[in-house]
Each structure stands twice: as C-alpha cells, then as structure tokens.
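Data first, discussion second: the structure below is written as structure tokens.
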Amino acid sequence: MSTSNKKKKFFNKSQDSVKKSYFNARDFFKSDFDESGSTFGDDYTFFDGSQKNSKSSGSYGSSSVATSGSVNSTRNGTSTHNQHSHDPVSSQTSSSSSSSRHHSHSHHSHSSSHHENDEDDYIRLRRVKKAHQCAELGEREEFDGDIKFYLDGLSRVNNINTRCLSILGLANQCQRAEFRMHLRAHDDMPKIISALMDACSNPNLALCTSALMYVYNQDRMTMDIDPNALSLMLELLETRTDEEEDSVDKNYKEKVKKLCDEMKTKGHGKFLNSNNITAGKLALEALLGLTSKRAGEWCKEELRNLKGIDFLCNKTIDESNSLIRDDIVWEEEIVDKGLLHKIERTLKVIENVTFMNQENQNYIIEYQGGKFIYRCIDLIKYLKNSIIFMTESQSQLSTLLSILRVLTNLTSESSEGCFKVGSFTGLFQLLLECLFELPSFTVPDSRFDLIVLLLCLEINFVEYCVNIRDELMDSGFKVKQLIAIFEERCEEAEKTDKEADLLLDSHQDKPLTEAMQDTLLNQVLAKSGKHMEHCIIAACISLLIGCGIKENMQYCDMIKNLLPSQGFEKMIDVLTKLHEFTHLADIMTPSGVKRVERILALFKSTKTVSPAV
1 MSTSNKKKKF FNKSQDSVKK SYFNARDFFK SDFDESGSTF GDDYTFFDGS QKNSKSSGSY
61 GSSSVATSGS VNSTRNGTST HNQHSHDPVS SQTSSSSSSS RHHSHSHHSH SSSHHENDED
121 DYIRLRRVKK AHQCAELGER EEFDGDIKFY LDGLSRVNNI NTRCLSILGL ANQCQRAEFR
181 MHLRAHDDMP KIISALMDAC SNPNLALCTS ALMYVYNQDR MTMDIDPNAL SLMLELLETR
241 TDEEEDSVDK NYKEKVKKLC DEMKTKGHGK FLNSNNITAG KLALEALLGL TSKRAGEWCK
301 EELRNLKGID FLCNKTIDES NSLIRDDIVW EEEIVDKGLL HKIERTLKVI ENVTFMNQEN
361 QNYIIEYQGG KFIYRCIDLI KYLKNSIIFM TESQSQLSTL LSILRVLTNL TSESSEGCFK
421 VGSFTGLFQL LLECLFELPS FTVPDSRFDL IVLLLCLEIN FVEYCVNIRD ELMDSGFKVK
481 QLIAIFEERC EEAEKTDKEA DLLLDSHQDK PLTEAMQDTL LNQVLAKSGK HMEHCIIAAC
541 ISLLIGCGIK ENMQYCDMIK NLLPSQGFEK MIDVLTKLHE FTHLADIMTP SGVKRVERIL
601 ALFKSTKTVS PAV
C-alpha cells in the first residue's frame, strides 16, 4: 500500500472516531436541548471530511441540514453516514467517482463547487441552551447538592461536631445573596430549622445555630421567617452561654468570630463586640433584624404568645436604665452610641409588631403596670436634653423618632389607647416642649419628620382626651406659639412657591440643553418638595387647633381673635391642599380623611356664624 493511501486510510479512521464520539455525546445531551429552537451563540459546527460522498447519496444534503430543525432529520443523517463510514469499498468507490467528476469540470466550476462543498462541511445544531440558561442550571444543581449535603450533616443521628460543622458551612454559604435567594425560592430554610429545633440542648450547637440565623436574616426587605424559626430564635435568646464560657469549644468560637467580622465588613452588626459573642447576643441581632413592615399577623401574634414582646420591652427598660442617670453632667457626658443603637433597633421591632394590631398595642400599654410607657417618657426627657446640650446628636434624634413612632402606633385611631397613654403625667407637656424647642437644634433633613410625628401624636391626644384638650386650649401661651409656627410655615410656603415661579420664568426665553433642563427640573422639584413640607406642617397645626375647638364656640372665637387675619381662611386653604394630596397619594387612613373633612366643615361653618359680642 502506498504512503498516500495509508495516510488517507488513517485520516478516514480518525474522522470516523471523532464523529462517533460527537454523535454519542449529542444523543446523551439531546434531552437538554431547548424546545424553542434557540441556539447557543453561533451555531456549533463539526467538520465532516466525507460529507461530499454522503451528499451524493442524499444523506447529508445542505438543504436538509439548513431547513430541518428536528432531531429526527439529523438522526437519519447520522445513521446513513455511519453506514457509509464503516464500508471501505463504498468509501473508495465514492472517492473515485468524486475524483472523476472533478477532472471533468472547468476551473471556474471547480471553484464554485468547492465553495459549496465547504459550506456543506459543517453540521448545524439546533435547540441548544443559551449561556445564561447553562449558568443558571449549573448554579441550581450546585446549590441543591450543597443543601442536600448539609442537611444530611444536620441530622440528629450525627454527632455534635458534624452538626456544628454543617451549620457553619451553611452560614458561610448564606453570606452569598444568591444562595439566600435559592433557599427562599425553594423553601429549604424550614427543613434546616426543623433539623435544629434541639439546638438549645448543647452550647456549641446553640452558638452555631444563632450564627446561622444572624447571617441568614441580614436581608432587611424580606420577612420570610416561619413559626418554628421564630420559636427557636426566642429560645436561643434565653441561653446562658455567657455564664458557661468553658462549655463552648474554642474552635467554634473562632469560626463564629470570623463570620461576624466578615458581616461587619458588609455593614452589619456595627456595634457587635466580636470578642464577646454568645448565642443569646447573636439571636438578639437576628431578632432585631426583623424590622420589615411586611411581618404577617401571625408573626405579631406569635411574638406576643411566645413572650417575645416581653423580652423586647424588658430589653428596652434594662438598656435605658444603664443610660439614664441622675448625676448627668451634659458638658462631660459621653453617650454610648452602641447602646442607643440597640435601643433604637428594639423600638423598631416594637413599632412593627404594634402597627395596626390592637391586641399588641393594649398588651404593651399595660405591660407591668405601664412600666414600658414610663421608661419611654424618661427616654424622651433624656434625649431632649441630649439633643439640646450636645453637638453630635444624630443617634439621639434617631432613637427619639423611634419612640415617637411607637407612641403614635399605640394611640392611632384608638380612644382607649389615647386615654391610657395620655393619663401618664407630664407626657403631653413634654411633647409640646419638644415641638417648640427641638427643631432649632436638629439638622434640616430630620426636622420635618420630628415636627410631623410630634404633631400627629398631639392630635391623637387632643381629639380623644378631654382633659388634655382643655389643658391645651386654656393655656393661651401654648396656643399663641402654635399659631406663630402656623403663620411662619404659611409664609415659607408662599415664599417657596414664588421662588419656584421665578426660577421657571427666568429660563422661559432661553434655549436650554438637555443637561440644563435636567438641572432646572431638579431645582423646581426641590422647591416643590419644600413647599409641600411647609403646607403639611401648617395643615397638622390646623388639625390640632381644630380638634381643640371641638365645636366649642368659645374656643373658636378665641382662636379667631389670635389669628392675624381674624379668620380661618388660611387654615381652610392648607387643609384643602392636604385633603387633595391624601386623595391622590393615598397616605391617610379612612378615619384620618374623615377627621380632615370634619375639621374643614367646622372652620367653614364659622364663616356664617357671627362672633359673640
């Protein structure tokens, strides 16, 4: 046999081997092809040196490959091709006939046929997954395998070391946002929690489980905790591993400490002491992370039934006891920001569990004979003085706003809640002092929130408590201060409105580029936002005064005489704007809208009634 024939035979065998491997692989992955007929980037190709022969036999026509999108046509071509590739006589005959045809054509026709055959030397594969589909499939299979592996390790038939290592492995994985999303999407966390319900029986297991819950609950916008997880979290709060330091393995402490340090780099657990980590402290961090208002009613009920609200109230009381002292010298006082931050987070959880939940509201008001409310009043006094006397007071202001939100929830649309909370001596007077004094000591960005929260809380008390209503209206000085704030806000709103109009008029005749138009739009929106803030504050003061009048014509005449215009026209104007805004933005409850309408009707009715002589 000549050297050229040997090379040719070797080449054909090599091609047959490669093609056989390719078609086997294709058949193996055939079930994963995309049914929509999409391709994976550019079409996958495969060189077929003997395809010219098969074309003559009708097995691999270019039209059949290009037009057929089915696996069946390709499968038929494969079987025919394999039949020819394993028959050396057929191969030689086909080669000789192809050679004779080649010598019978001109040079131009040879080039054209060669170009056509080059196109036929590729097999186009259809119905292949796209890149992102392959990546998602691989990631899902990887996560499923990891979760199955860790769940096997969490089984109670394993020893404590195996279970602890599996928990820490899960905690490390939970630092990845995509892994936490996978757990939520496939509802795997309840299975994990069910396997760890005995965590409190062993200090090592309790510490590792608390670390897992702390890492998993770092997503503030979600609220997917289930009853078992909440129950386990509250049980872990009561663990006493801080008194049993020797019972916790040092290796697990180091691993948990490393986890917490990594969480700090992401902005979580800013005031968590990594050198003094216990199961109870980590469970508390996980519980205080439940600040989303998406908490279901079952969660609010379970927190009350499982004594979780008791723990939160006690935590607020205990932490404030170490903060408030009788021997405070404000010029030398150093505020523990970590302690304030913990109180604020505790109050945020209380705010969420009392939102639109009458049972929890009454439970907290009556807790230990009103001890929680008394402590809130003491905190307001402390924070008020701290904001006034200290230059850096942002932490104090944030904590004060949290207290005001809790008290607003306890008194909102509840005559019983207003009567009980309003009966605490000195509370309403303290709120008025904060309204008159604190705005000048706070940053402008937080001033609006502070004033509106104080006014809303005072409106609740004045509307439902007769003694507080009489206390306010009989104090001429306080009413004059409220009217002064009202007039100031109306003037500021009018001034801001004129500035916005002048800003628009100054650019009316000028050609503006797109960047200049964006800048102008932002400036006008900022002016409009300030105008709305002034109008809302003025409207809240109008509501407070209207609730104080309460169809008492003597109070009505007194207020009219104190107003510069000797009438309620400005109050009617701002209340009308508030009513229209709440209708558009849907920011007020139906009872709140009825309150605005009632006060509007009261002010409008005074126009037809002549003042008493």
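First residue of the sequence shown: 1, per UniProt numbering; consecutive thereafter. Ideal Cβ placement from N, Cα and C applies to all residues, glycine included.
Excluding the 5 residues flanking Ser255 on each side, which residues of the same chain have their C-beta closer than 6 Å to its C-beta? First, the amino acid is wrong: residue 255 is Lys here, not Ser. So the list reads Leu168, once near-sequence residues are dropped.
Enumerate in chain order the residues of its own chain whose CB-to-CB distance from Glu235 is below 7 Å, with the five nearest sequence positions on each side excluded. Here Glu235 has Cys200 as same chain residues with Cβ atoms under 7 Å from its own Cβ, once five neighbours each way along the sequence are excluded.
Between Ile309 and Arg375, what straight-line distance do the alpha-carbon atoms span, to the nearest angstrom? When only Cα atoms are considered, Ile309 and Arg375 end up about 15 Å apart.
Per DSSP, what kind of secondary structure is Gln175 in: helix, strand or coil? Note: Gln175 maps to coil in three-state DSSP.
Could you tell me which uninterrupted alpha helix (DSSP H) segments, each at least 4 residues in length, are contained entirely in the stretch 191-235, listed from first to last along the chain? 203-216, all fully within the stretch 191-235.
Please return the same chain residues whose Cβ sits closer than 8 Å to the Cβ of Glu319, not counting the five positions on each side in sequence. Closer than 8 Å at Cβ, skipping near neighbours: Leu339, Lys342, Ile343, Thr346.
What is the C-beta distance between Asn228 and Ser194, in whole angstroms, given that I count them as a contact (C-beta under 8 Å)? Contact check for Asn228 and Ser194: beta-carbon distance about 6 Å, within the 8 Å limit, so the pair qualifies.
Indicate whether the contact test is met: 3 or more Cβ pairs, each with one atom in the stretch 569-578 and one in the stretch 535-553, closer than 8 Å. The stretch 569-578 makes contact with the stretch 535-553, as at least three CB pairs between them are under 8 Å.
Are three or more beta carbon pairs between the stretch 448-467 and the stretch 503-510 nearer than 8 Å? Cβ pair count under 8 Å is below three, so no.
DSSP on Gln566, reduced to helix/strand/coil? It is coil, neither helix nor strand.
Please list, in chain order, all residues of the same chain as Lys384 whose beta carbon is under 8 Å from its beta carbon, the five residues on each side excluded. Excluding residues within five positions, the ones whose Cβ falls inside 8 Å are Leu400, Leu430, Glu433, Cys434, Glu437, Leu438.
Met263 lies in the alpha helix (DSSP H); which residues open and close that run? Its alpha helix (DSSP H) spans residues 250-265.
Measure the C-alpha to C-alpha separation of Thr408 and Val421 and round it to an integer number of angstroms. Going by the C-alpha atoms only, they are around 10 Å apart.
Along the alpha helix (DSSP H) that carries Ile388, what are the first and last residues, could you check? Looking at the DSSP string, the run of the alpha helix (DSSP H) that includes Ile388 is 371-389.
Exposed or buried, Ile587, counting other C-beta atoms within 10 Å across all chains shown (16 or more means buried)? Exposed: under 16 other Cβ atoms inside 10 Å.
If we count the other Cβ atoms within 10 Å of its Cβ and call it buried at 16 or more, is Ser85 buried or exposed? Residue placement at Ser85 is poorly supported in this model, since its pLDDT is 42, which falls under 50; the coordinates still yield a value, given next. Under this definition Ser85 is a buried residue.
Report the option in Leu472, Glu569, Cys174, Asn202 whose CA atom is closest to the CA atom of Gly426. Here the closest residue by C-alpha is Leu472.
For a test of the three-state rule: what should DSSP assign to Met532, helix, strand or coil? Three-state DSSP puts Met532 in a helix.
Can you tell me whether DSSP reads Arg325 as helix, strand or coil? Here Arg325 sits in coil by DSSP.
So which of Glu351, Gly370, Asn357, Asp378 has the shortest CA-CA distance to Asn321? The residue with the shortest Cα to Cα distance from Asn321 is Asp378.
Buried or exposed for Lys300, going by 16 or more other Cβ atoms inside 10 Å? Counting Cβ neighbours within 10 Å, Lys300 comes out buried, since at least 16 surround it.
Three-state secondary structure assigned by DSSP to Val462: DSSP, reduced to helix, strand and coil, places Val462 within a helical segment of the structure shown.
In this structure, does DSSP put Gln417 in helix, strand or coil? The amino acid at residue 417 is misidentified as Gln; the sequence shows Gly. Correct three-state label for Gly417: helix.
In three-state DSSP terms, what is Met356? Met356 falls in the coil class under three-state DSSP.
Cutoff 7 Å; reference Ser38; Cβ partners in own chain excluding five residues on either side: Below a pLDDT of 50, predicted positions are generally treated as unreliable, and Ser38, at 43, falls in that range; no measurement from the model is reported.
Distance CB(Pro190)-CB(Asp226) smaller than 8 Å: Against a cut-off of 8 Å, the Cβ pair of Asp226 and Pro190 comes out as a contact.
Cα separation between Leu525 and Thr391? Their backbone Cα atoms lie some 31 Å apart in a straight line.
Measure the CB-CB distance between Leu154 and Arg163 and report whether it falls below 8 Å. Yes. Within cutoff.
Count the other CB atoms within 10 Å of the CB of Ala177; is the residue buried (16 or more) or exposed (fewer)? Burial call: exposed.
When DSSP labels each residue in this structure, what does Thr606 get in the three-state scheme? If DSSP states are grouped into helix, strand and coil, Thr606 belongs with coil.
Buried or exposed: where does Gly369 fall if 16 or more other Cβ atoms within 10 Å of its Cβ makes it buried? Counting Cβ neighbours within 10 Å, Gly369 comes out exposed, since fewer than 16 surround it.
Pro444 by DSSP, collapsed to three states: which one? In this structure, Pro444 counts as helix in the three-state DSSP scheme.
Is it buried or exposed, His583, if we count other Cβ atoms within 10 angstroms and call 16 or more buried? Label assigned to His583: exposed.
Ile459 beta carbon less than 8 Å from that of Val406: Cβ atoms of Val406 and Ile459: not closer than 8 Å.
Are the beta-carbon atoms of Ser446 and Leu397 separated by less than 8 Å? Result yes, Cβ atoms of Ser446 and Leu397 sit closer than 8 Å.
Going by Cα to Cα distance, which pick from Phe389, Lys250, Lys530, Glu359 is closest to Asp449? Put simply, of Phe389, Lys250, Lys530, Glu359 the residue whose alpha carbon is nearest the alpha carbon of Asp449 is Lys530.
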